[in-house]
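Novice:
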Amino acid sequence: MKDFFEENDDESDYINNEIVNDLLKEEFGLCFQCNRPNTGENWCKVCNSEKFRQDFDKWTSGNENIDKFIQEAQLNANNNFELLEWIPYNRLRNIKLPAQGEFVYYAIWLDGWIDHLDYEKQEWRRIFNKLEQAYNIANDPNIRNPLQSNENYGQPVALKNLSDSSDINYDFLNEYKEWWSNDSYLIPLLGITQDPDKSNYMIVTPW
Ligand SMILES: [Zn+2]
Numbered sequence: 083m084k085d086f087f088e089e090n091d092d093e094s095d096y097i098n099n100e101i102v103n104d105l106l107k108e109e110f111g112l113c114f115q116c117n118r119p120n121t122g123e124n125w126c127k128v129c130n131s132e133k134f135r136q137d138f139d140k141w142t143s144g145n146e147n148i149d150k151f152i153q154e155a156q157l158n159a160n161n162n163f164e165l166l167e168w169i170p171y172n173r174l175r176n177i178k179l180p181a182q183g184e185f186v187y188y189a190i191w192l193d194g195w196i197d198h199l200d201y202e203k204q205e206w207r208r209i210f211n212k213l214e215q216a217y218n219i220a221n222d223p224n225i226r227n228p229l230q231s232n233e234n235y236g237q238p239v240a241l242k243n244l245s246d247s248s249d250i251n252y253d254f255l256n257e258y259k260e261w262w263s264n265d266s267y268l269i270p271l272l273g274i275t276q277d278p279d280k281s282n283y284m285i286v287t288p289w
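Taking our numbering, the leading residue of the sequence shown gets 83, the next gets one more, and so forth.
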């Protein structure tokens, strides 16, 4: 599907647009809200990017480059796999240090990731599951932000430190994303968070 979108960037290419629109319509149907062809499963790029844009002033990573990187992903996402979010560290639970020799942190993201927009309520519908085993490890003294007993839902995620994230720049982030999507398209990047103690940024993916 990727090639279609790249060609579609040239808006003067009317014929190409028509072909793309027909293919998208056939594959994903029409958007309930604007009646344009959806660009992904339950995903209309036009309507969804507008919803993201309205919320740009409701979050910040504290780093201009990272904000811009996430905003662009939100405006350009053709489906929920291409999306990135700013994930506040205080929405993560049971954060567990990597085992020796590994470099990935385990955590639970209480909100889970976006699936689609509920047009009627203008709210994101998210994917999360009931947490069954998570309370056992909440007692482990080595984890941070232990899960509370009234927190019942979430999604397991992996956190990876972005190397030298103190002076992180936009090009670096784009290269990272490109490398990631070439290498493992089936595991989407979900977003970025920041460890408030060490102030380093971390990439979040599904566990
Ligand atoms: Zn739409």
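Don't be surprised by glycine CBs; every beta carbon is placed ideally from N, CA and C. It should be emphasised that the depicted structure is a prediction, and the values quoted were computed from it without experimental measurement.
#1: Bridge partners for T287 per DSSP, in chain order?
#2: Excluding the five sequence neighbours on either side, which residues of its own chain have a C-beta within less than 6 Å of the C-beta of H198, listed in chain order?
#3: Which same chain residues end up closer than 7 Å to I225 when comparing Cβ atoms and leaving out the 5 residues on each side of it in sequence?
#4: Whole angstroms is fine: what's the gap from D137's alpha carbon to S231's?
#5: Verify the contact flag: V128, CB atom, against every heavy atom of ligand 1, threshold strictly below 6 Å.
#6: For the alpha helix (DSSP H) holding Q276, just list the boundary residues, first then last.
#7: Taking the continuous beta strand (DSSP E) assigned at N218, which residues delimit it?
#8: Just reading off the beta strand (DSSP E) that R118 is part of, what are its end residues?
#9: Quick one, which of N158, L229 and M284 has its alpha-carbon nearest K212's?
#10: To the nearest angstrom, report how far apart C116 and N160 are at their CA atoms.
#11: Can you check which of these residues, N282, G122 and L166, is closest to N256 by C-alpha distance?
#12: Can you determine whether any heavy atom of ligand 1 sits closer than 6 Å to the C-beta of Q156, and answer yes or no?
#13: Taking the alpha helix (DSSP H) that A181 belongs to, which residues open and close that run?
#14: Where does Q182 land, buried or exposed, given buried means 16+ other C-beta within 10 angstroms?
Specialist: If we stick to the structure as given:
#1: As a first step, residue 287 must be located in the sequence shown, where it is residue number 205. Answer is A240.
#2: Reading the sequence shown from its first residue, position 116 is the one you call residue 198. Correct list, in chain order: N124 and R207.
#3: Within the sequence shown, numbered from 1, the residue matching residue 225 stands at position 143. Closer than 7 Å at the Cβ level, and outside the excluded window around I225, lie N176, I177, K178 and I219.
#4: Taking the sequence shown and counting its residues from 1, one reaches residue 137 at position 55. Taking the sequence shown and counting its residues from 1, one reaches residue 231 at position 149. Roughly 30 Å between the two C-alpha positions.
#5: Within the sequence shown, numbered from 1, the residue matching residue 128 stands at position 46. For ligand 1, at least one heavy atom lies less than 6 Å from the Cβ of V128.
#6: Working through the sequence shown from its first residue, we reach residue 276 at position 194. In the DSSP annotation of this structure, Q276 is not part of any alpha helix (DSSP H); the continuous beta strand (DSSP E) holding it starts and ends at G273 to Q276.
#7: What you label residue 218 is simply residue 136 of the sequence shown in a count that begins at 1. For N218, there is no enclosing beta strand (DSSP E); the residue is part of the alpha helix (DSSP H) that begins and ends at A216 to A220.
#8: Here residue 118 corresponds to residue number 36 of the sequence shown, with the count starting at 1. That residue, R118, is in no beta strand (DSSP E); it is neither H nor E in DSSP.
#9: Numbered from its first residue, the sequence shown carries residue 212 at position 130. Measuring from the Cα of K212, the nearest candidate turns out to be L229.
#10: For the purposes of this step, residue 116 is taken as the residue at position 34 of the sequence shown. For the purposes of this step, residue 160 is taken as the residue at position 78 of the sequence shown. Each residue's CA atom was taken as its position, placing C116 and N160 some 15 Å apart.
#11: Here residue 256 is taken as the residue at index 174 of the sequence shown, counted from 1. When C-alpha distances from N256 are compared across N282, G122 and L166, the shortest belongs to L166.
#12: Taking the sequence shown and counting its residues from 1, one reaches residue 156 at position 74. Residue side-chain check: Q156 keeps its Cβ at 6 Å or more from all non-hydrogen atoms of ligand 1.
#13: Your numbering for residue 181 matches position 99 in the sequence shown. Per DSSP, A181 lies in no alpha helix (DSSP H) segment and is marked neither H nor E.
#14: Taking the sequence shown and counting its residues from 1, the one referred to as residue 182 is at position 100. Exposed, since its Cβ has fewer than 16 Cβ neighbours within 10 Å.
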